[in-house]
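**Q** The following block contains the structure, expressed as structure tokens.
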Amino acid sequence: MKKTRGRLLLFAVLLLAAVIAPIASAMNETDPTPPGWVGHFDQWAGQKDMSAFSILPTPVPIRKMDAEAAKAYPGVEVISPNMKFPTGNNFVDVKNSSMKVAKIIFDKPALKTDAHGKKGPLDPSVVPEYGYFNWYWTQDTVVTQNISIYNNGSSTASGLVYFVSIEDGFGTPVAYTNLAPGTNQTVSIPFQVIGSQSSVGIKPMGFFITVGPSHIVTWSGQLELNAIEKYNNDATHLPDPDGGDNLETSDLYHFPFSEGYAIISEAARAADNTSSPYETAYKLNEYMNNTMHYVNSDTYLLYAASDLYVKNHGNEGVCDEFSTIDIAFSRSLGIPSRFLGITWVNQTGYSEGHAILEHRIAGAWVHSDPTWHIFNNPRVYSLKNNTHMNLTRYTDADDNRFSLDPAGDGLLRYEDMIAEPLGELPGYN
Amino acid sequence: MRTIVLFTLILIVITIVPATVTAIPPPATPIYPGMGDAVSDLYGRHSYVKGNSVIMGYIGECGIGRWYEKGMDNGLLSIHIPPEYSCGKQLVFSTTHAGEREDPSQIRAVWILNASETWSESMEPIYSSGETDRTRQLPDNAVNIPPIFVAGGIIALVICITFVLIERRNRSS
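Heads up: the sequence lines are chains A and B, in that order.
Counted the way numbering that gives the first Met the number 0 counts, the first sequence spans residues 0 to 428.
Counted the way numbering that gives the first Met the number 0 counts, the second sequence spans residues 0 to 172.
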């Protein structure tokens, strides 16, 4: 009996020693975790390579338009790179401009330049007076540009007016005939926005006028307003599965049309020269992360600020403002995007909330977290040891819906929106 | 035998009850995006702070209050972290906020100020990016015993007591 008891006690002592001895021997003030032992997560993981969390998309090369490619597009011509488009000879008439179309007035109609930008006496001299220019270009559609031209010379003129996408190097000519001296005529130019030969973003617009069979250039210039090229949302391109709900500019992100150009052109600059929706969305995520400032104040914690509010208040906010602006920018460039709230249970058992967005690309929803600069990696939250990632789509914002909060101030409560629970989506869990 | 059963039951209860309590689903009160956790956002947005011993030392002592960012004249970003608990301090660091997510060299300077002080870029930082010492700083006499050892100790003790009880029972019979 004594032998058995002795064995048991020896076993117990050894067991205790096996647990306590390494702690006592290896612990010190600077490093409480014994060497070679598993400590807290951050210690045994060490420096983590997070590059895989943000997948950098590979740019899709754009085929530059050449004479051979232009044959596939009747009416399209390649413009010589030697053609000059001087600036400063026109201005935007804000009063007579509307969303998508700007009236541009040409303040130096007597300016005569040849193809090399050289001034000289030309007769007949046909110059522009004003024009209505469509600056919001949807890929693989035709945008009509209307230009009023005037014969400033002393003889009747016939010739061509070319509207040009300067960056892409191609344009569309339209003929005018028998323009008598001292008279004007409006020329409508159906310009083709060719998606396969062009990227999205800022597109400098220009045009030039020629006269006679030898095509003498009597005027050329770059417009003061740049066009903005966006993706096409028809069924064969980048459709929204919710019938346009994820493309509304006046939904959660209610900037009025009169302010549209400012926001859309900023979005176009942020994602300029991208040629796939995936690449564009990544660029916008990066732009938000770099230009927005995280400010954890009551206003941004309690409210979801509209895009205009954020733009007018120094690009500040928390995760929902970051996501709101990213969505406004993405939608303005034609990428269907939805605002999502995500909650999870963290390591200590508490629930936390966060705002992200998803883009509809190639028939799938692609995750984007501009606050954390994470793109297409919905597992990032579970990799941080959170569980039960639960998603809710917020849509159809109406500042009047929640009566306890003043309407029209650009600050919305989540009670102002329709919440559509999506549950614990597999991609996130 | 009864004693063994009793101990086994107690062991099962103390194991299962806490696990059940922690597994209770999240509260029914809605948690909206934007009302979320500033700590997660700090580590999510500036994950490289985990590689800076001065910042992590401050966070360990004072917690993370309502932090915010500001653009600086030199193109850097300043991050202001007030304390979550009253520790009489506040921390500011400047960052390029560019490059690899985990690279702590993005942090250019760190300032720890008194709670009432106003930060200025011209103040002397307590850490600048030229420093290489990234030793983890812990409060004096800190004893950090990982939970795995505590659990192991408890299990060992329970086994010991069980053995003693078996011995007693054998002796009495």
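C-beta: ideal position from N, C-alpha, C; glycine also.
Since we're looking at a predicted model, the values are computed, not measured.
#1: Are any of the Cβ atoms in chain B nearer than 9 angstroms to that of SER296(A)?
#2: Helix, strand or coil: which one does DSSP assign to ASP92(A)?
#3: Could you tell me whether the stretch 45-57 of chain B touches the stretch 383-391 of chain A, using the rule of 3 or more Cβ pairs below 8 angstroms?
#4: On the criterion of 16 or more Cβ atoms from any shown chain inside 10 Å, does ARG62(A) qualify as buried, or is it exposed?
#5: Taking PRO127(A) as the reference, give the member of SER213(A), ASN81(A), THR185(A) and ASP139(A) with the closest Cα.
#6: Which runs of the beta strand (DSSP E) spanning at least 3 residues fall entirely within the stretch 212-243 of chain A, listed in chain order?
#7: According to DSSP, LYS202(A) sits in a beta bridge with which residue or residues?
#8: Please decide whether MET34(B) counts as near chain A, where near means a Cβ-Cβ distance under 9 angstroms.
#9: Of the residues PRO85(A), PHE105(A), SER219(A) and ASP241(A), which one's Cα is nearest the Cα of GLY362(A)?
#10: Measure the alpha-carbon distance for VAL309(A) versus ASN225(A) and round it to whole angstroms.
#11: Check each residue of the stretch 55-72 of chain B: if its Cβ is closer than 7 angstroms to any Cβ of chain A, include it; give the result in chain order.
#12: From the DSSP output, read off the bridge partner residues of ILE418(A).
#13: Please determine, among LYS229(A), ASN150(A) and SER195(A), the residue with the shortest C-alpha to C-alpha distance to LEU332(A).
#14: Starting from SER171(B), find everything on chain A with Cβ-Cβ shorter than 9 angstroms and list it in chain order.
#15: Do the stretch 77-90 of chain B and the stretch 62-69 of chain B make contact, defined as three or more Cβ pairs closer than 8 angstroms?
#16: Quick one: give me the first and last residue of the alpha helix (DSSP H) that THR143(A) is part of.
#17: Under 8 angstroms Cβ to Cβ from GLY168(A), same chain only, skipping five residues before and after it: list those, please.
#18: Write down the C-beta distance between THR273(A) and SER198(A) rounded to the nearest angstrom, noting that I regard them as a contact closer than 8 angstroms.
#19: In chain B, which residues lie with their C-beta within 7 angstroms of the C-beta of VAL309(A)?
#20: Going by CA-CA distance only, name the one from ALA69(A), ASP398(A), PRO276(A) and ASP92(A) that's closest to ASN232(A).
#21: Terminal residues of the continuous beta strand (DSSP E) containing ASN177(A)?
#22: Just to make sure I have the definition right: I need the residues of chain B whose C-beta is within less than 8 angstroms of the C-beta of GLU351(A). Which are they?
#23: Under a three-way DSSP split, which group does PRO29(B) fall into?
#24: Spell out whether any CB of chain A is found under 9 angstroms from the CB atom of ARG107(B).
#25: Would the beta-carbon of ASP239(A) fall within 9 angstroms of that of ASN284(A)?
#26: Do VAL210(A) and ILE188(A) have their beta-carbon atoms positioned less than 9 angstroms apart in this structure?
#27: Assuming VAL75(A) and THR171(A) form a contact by the criterion Cβ under 8 angstroms, report the distance between their Cβ atoms to the nearest whole angstrom.
#28: One question on the structure: do GLY43(B) and ASP368(A) come within less than 9 angstroms of each other, judged by their Cβ atoms?
#29: Taking only beta-carbon atoms, is LEU332(A) less than 9 angstroms away from chain B?
#30: How would you label TYR129(A), buried or exposed, when you count the other beta carbons within 10 angstroms and need 16 or more for buried?
#31: Grab the span of the alpha helix (DSSP H) containing ALA68(A) for me, first residue to last.
#32: Can you look up ARG359(A) in the DSSP assignment and give me helix, strand or coil?
#33: Among all the DSSP beta bridges, which residues are the ones paired with ASN345(A)?
#34: Output, in chain order, the set of chain A residues within a Cβ distance shorter than 8 angstroms of ARG44(B).
#35: Report the rounded CA-to-CA distance for ARG170(B) versus ILE160(B), giving the unit in angstroms.
#36: At what residues does the beta strand (DSSP E) containing GLU68(B) begin and finish?
**A** In terms of the structure at hand:
#1: Residue mapping note: residue 296(A) aligns to position 297 of the first sequence, counting from 1. Yes, SER296(A) lies at the interface with chain B (some Cβ there is under 9 angstroms from its Cβ).
#2: Locating residue 92(A) in the first sequence gives position 93, counting from the first residue. ASP92(A) sits in a strand when the DSSP states are folded into three classes.
#3: Because the criterion of three Cβ pairs below 8 angstroms is not met, the stretch 45-57 of chain B and the stretch 383-391 of chain A do not touch.
#4: As a position in the first sequence, residue 62(A) is number 63, starting the count at 1. Exposed, since its Cβ has fewer than 16 Cβ neighbours within 10 Å.
#5: As a first step, residue 127(A) must be located in the first sequence, where it is residue number 128. Distances from the alpha-carbon of PRO127(A) to those of SER213(A), ASN81(A), THR185(A) and ASP139(A) put THR185(A) closest.
#6: Listed in chain order, the complete beta strand (DSSP E) runs (minimum 3 residues) inside the stretch 212-243 of chain A are 215-221 and 226-229.
#7: Position 203 of the first sequence, counted from the first residue, corresponds to residue 202(A). Looking at the DSSP assignment, LYS202(A) forms a beta bridge with ALA226(A).
#8: Numbered from its first residue, the second sequence carries residue 34(B) at position 35. Closer than 9 angstroms: yes.
#9: One-based indexing of the first sequence puts residue 362(A) at position 363. Comparing Cα-Cα distances from GLY362(A) to each of PRO85(A), PHE105(A), SER219(A) and ASP241(A), the minimum goes to ASP241(A).
#10: Residue 309(A) sits at position 310 when you count from the first residue of the first sequence. Residue 225(A) sits at position 226 when you count from the first residue of the first sequence. Their Cα atoms are separated by approximately 24 angstroms.
#11: Taking 7 angstroms as the upper bound on Cβ-Cβ separation, chain A lies near residues ARG65, TRP66, TYR67, GLU68, LYS69 and GLY70 of the stretch 55-72 of chain B.
#12: Numbered from its first residue, the first sequence carries residue 418(A) at position 419. With the sequence shown as reference, residue 418(A) is identified as Ala, and Ile is not the correct amino acid for it. Beta bridge pairing from DSSP links ALA418(A) with TYR393(A).
#13: Counting from one through the first sequence, the residue named residue 332(A) turns up at place 333. Comparing Cα positions, the closest option is LYS229(A).
#14: Along the second sequence, read from residue 1 onward, the residue named residue 171(B) stands at position 172. Residues of chain A with a Cβ closer than 9 angstroms to the Cβ of SER171(B) do not exist; the shortest Cβ-Cβ separation is about 12 angstroms.
#15: Short answer: they touch.
#16: Working through the first sequence from its first residue, we reach residue 143(A) at position 144. Going by DSSP, THR143(A) is part of no alpha helix (DSSP H) but of the beta strand (DSSP E) stretching over 140-150.
#17: Here the question's residue 168(A) lines up with position 169 in the first sequence. Counting only residues of its own chain and dropping the five nearest sequence neighbours on each side, GLY168(A) has a CB closer than 8 angstroms to the CB of LYS63, MET64, VAL77, ILE78 and PRO80.
#18: Reading the first sequence from its first residue, position 274 is the one you call residue 273(A). Reading the first sequence from its first residue, position 199 is the one you call residue 198(A). About 6 angstroms separates the CB atoms of THR273(A) and SER198(A); that is less than 8 angstroms, so the two are in contact.
#19: Counted from its first residue, the first sequence places residue 309(A) at position 310. Within 7 angstroms Cβ-Cβ: nothing; VAL309(A) doesn't reach chain B, min ~12 angstroms.
#20: The residue labelled residue 232(A) in the question sits at position 233 within the first sequence. Comparing alpha-carbon positions, the option among ALA69(A), ASP398(A), PRO276(A) and ASP92(A) lying closest to ASN232(A) turns out to be PRO276(A).
#21: The residue you call residue 177(A) lines up with position 178 of the first sequence. That run of the beta strand (DSSP E) goes 169-178.
#22: The sequence position of residue 351(A) within the first sequence is 352, counting from 1. By Cβ distance, chain B contributes ILE30, GLY35, ASP36 and SER39.
#23: Walking along the second sequence from the start, residue 29(B) turns up at place 30. Three-state DSSP puts PRO29(B) in coil, outside helix and strand.
#24: On the second sequence, residue 107(B) is found 108 positions in, with the first residue counted as 1. Not an interface residue.
#25: Counting from 1 along the first sequence, the entry for residue 239(A) is found at position 240. Counting from 1 along the first sequence, the entry for residue 284(A) is found at position 285. For the pair ASP239(A) and ASN284(A), the CB atoms are not nearer than the 9 angstroms cut-off.
#26: As a working mapping, residue 188(A) is identified with position 189 in the first sequence. As a working mapping, residue 210(A) is identified with position 211 in the first sequence. Not in contact: ILE188(A) and VAL210(A) (Cβ atoms no closer than 9 angstroms).
#27: Counting from one through the first sequence, the residue named residue 75(A) turns up at place 76. Counting from one through the first sequence, the residue named residue 171(A) turns up at place 172. VAL75(A) to THR171(A), Cβ: 6 angstroms. Contact.
#28: Here residue 43(B) corresponds to residue number 44 of the second sequence, with the count starting at 1. Here residue 368(A) corresponds to residue number 369 of the first sequence, with the count starting at 1. The Cβ atoms of GLY43(B) and ASP368(A) sit closer than 9 angstroms to each other.
#29: Locating residue 332(A) in the first sequence gives position 333, where the first residue counts as 1. With respect to chain B, the C-beta atom of LEU332(A) has no partner C-beta closer than 9 angstroms.
#30: Here residue 129(A) refers to the residue found at position 130 when the first sequence is read from its first residue. With 16 or more other Cβ atoms within 10 Å, it is buried.
#31: Residue mapping note: residue 68(A) aligns to position 69 of the first sequence, counting from 1. Unbroken alpha helix (DSSP H) run through ALA68(A): 66-69.
#32: Against the first sequence, residue 359(A) aligns to sequence position 360. Assignment of ARG359(A) by DSSP, reduced to helix, strand and coil, places it in the strand class.
#33: On the first sequence, residue 345(A) is found 346 positions in, with the first residue counted as 1. Note: ASN345(A) sits in no beta bridge, so no partner.
#34: Residue numbering aside, residue 44(B) sits at position 45 when the second sequence is read from its first letter. For the C-beta of ARG44(B), the chain A residues within less than 8 angstroms are, from N- to C-terminus, ASN288, TYR293, THR370, TRP371 and HIS372.
#35: Numbered from 1 along the second sequence, position 171 holds the residue referred to as residue 170(B). Numbered from 1 along the second sequence, position 161 holds the residue referred to as residue 160(B). Answer to the nearest angstrom: the Cα atoms are 15 angstroms apart.
#36: Reading the second sequence from its first residue, position 69 is the one you call residue 68(B). In the DSSP assignment, GLU68(B) falls within the unbroken beta strand (DSSP E) covering 67-70.
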